[in-house]
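Counting with the numbering used here, you get residues 92 to 347 for the letters of the sequence shown. Ideal Cβ positions, reconstructed from N, Cα and C, are used throughout, including at glycine. What follows is a short report on a single structure.
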Amino acid sequence: MDKVVASAADAVADVPDGASLAVGGFGLSGVPGALIQALHEARVTGLDVVSNNCGAMEAGLAVLLAAGRISRVTGSYIGGNKEFARQYLGGEIELELIPQGTLAERLRAGGCGIPAFYTPAGVGTQVADGGLPWRYDGQGGVAVASPAKEVREFDGAAYVLERGITTDFALVRAARGDRHGNLVFNKSARNFNPLAAMAGRITIAEVEELVEPGAIDPDQVHLPGIFVQRVVALSPEQAADKKIENVTVTSGEVRA
Numbered sequence: 092m093d094k095v096v097a098s099a100a101d102a103v104a105d106v107p108d109g110a111s112l113a114v115g116g117f118g119l120s121g122v123p124g125a126l127i128q129a130l131h132e133a134r135v136t137g138l139d140v141v142s143n144n145c146g147a148m149e150a151g152l153a154v155l156l157a158a159g160r161i162s163r164v165t166g167s168y169i170g171g172n173k174e175f176a177r178q179y180l181g182g183e184i185e186l187e188l189i190p191q192g193t194l195a196e197r198l199r200a201g202g203c204g205i206p207a208f209y210t211p212a213g214v215g216t217q218v219a220d221g222g223l224p225w226r227y228d229g230q231g232g233v234a235v236a237s238p239a240k241e242v243r244e245f246d247g248a249a250y251v252l253e254r255g256i257t258t259d260f261a262l263v264r265a266a267r268g269d270r271h272g273n274l275v276f277n278k279s280a281r282n283f284n285p286l287a288a289m290a291g292r293i294t295i296a297e298v299e300e301l302v303e304p305g306a307i308d309p310d311q312v313h314l315p316g317i318f319v320q321r322v323v324a325l326s327p328e329q330a331a332d333k334k335i336e337n338v339t340v341t342s343g344e345v346r347a
């Protein structure tokens, strides 16, 4: 039952080239940076990544992206990641953009053993009809486009069929975790991390605080240890390394 491994390097040592990864985090919140860095140092390449976004500010998944280690991304947001946009438009990387709520539900469904589900999100658009550019040819043309999806009517409304997502591995970050893999996430870091963890066949969690079994109240567990196979305890320096994507401050007098 003790799932703790000695280091992030040991935890990702068996991730092969071409593996599929579900990676937690939202923006730069709750991103498993130590595990991503360990993958970078291991020189794993050809990765098929499922994540809300692909890093920012040269942090998170942007580390692997900049090194050319990612071949495909399934996500919902490019944002201000100029390198991500450059690689996508230049035909260097394949990108399946899907609605954010659909991404969350596809991960959850995969983790629950649900092969597919119907949703109204995307009906009447290229999400359902097909034709979204997945890969460009580097000359401004589309090399690979999304296929059309099944659409059915329920109670007079149209719904599109979406497939559940499972991956070879999942990388997540938690605020607290015990040796059995039970995890607690802090605030917005809870957004995609539990869903990514559920979708991975082998889930690796880096935790800011490692505690003994029983130290976490069962009512406070956000993700049961049944979904987690490996736990890595972060150093105090690693736990404190939390970048802020956009700093907003108020200057001058604040009036009600």
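Please state if the CB of residue j and the CB of residue i are separated by a distance shorter than 7 Å.
i, j, result
"residue 153", "residue 336", "no"
"residue 161", "residue 194", "no"
"residue 182", "residue 231", "no"
"residue 286", "residue 198", "yes"
"residue 173", "residue 322", "no"
"residue 284", "residue 302", "no"
"residue 295", "residue 97", "no"
Going by DSSP in three states, residue i sits in which element: helix, strand or coil?
i, result
"residue 245", "strand"
"residue 175", "helix"
"residue 210", "strand"
"residue 218", "helix"
"residue 198", "helix"
"residue 322", "strand"
"residue 286", "helix"
"residue 340", "coil"
"residue 95", "strand"
"residue 133", "coil"
"residue 152", "coil"
Closest to residue i by C-alpha separation, out of the options, would be which residue?
i, options, result
"residue 187", "223, 180, 209", "223"
"residue 157", "142, 143, 184", "184"
"residue 298", "125, 260, 226, 171", "125"
"residue 289", "121, 304, 313", "313"
"residue 145", "130, 122, 133, 136", "122"
"residue 112", "97, 120, 130", "130"
"residue 318", "201, 117, 110", "201"
"residue 292", "97, 98, 110", "110"
"residue 278", "236, 116, 330, 234", "116"
"residue 268", "180, 300, 331, 326", "300"
"residue 189", "247, 237, 334", "237"
"residue 320", "260, 135, 328", "260"
"residue 191", "218, 180, 309, 324", "218"
"residue 257", "141, 99, 105, 266", "141"
Kindly identify the DSSP beta-bridge partner or partners of residue i.
i, result
"residue 294", "261"
"residue 267", "275, 300"
"residue 187", "165"
"residue 224", "236"
"residue 114", "262"
"residue 138", "161"
"residue 253", "208"
Evaluate the contact criterion for the stretch 166-180 versus the stretch 248-268: three or more CB pairs, one atom per stretch, below 8 Å. No contact exists between the stretch 166-180 and the stretch 248-268.
Are three or more beta carbon pairs between the stretch 274-286 and the stretch 235-242 nearer than 8 Å? Contact between the stretch 274-286 and the stretch 235-242 is absent, because fewer than three Cβ pairs lie under 8 Å.
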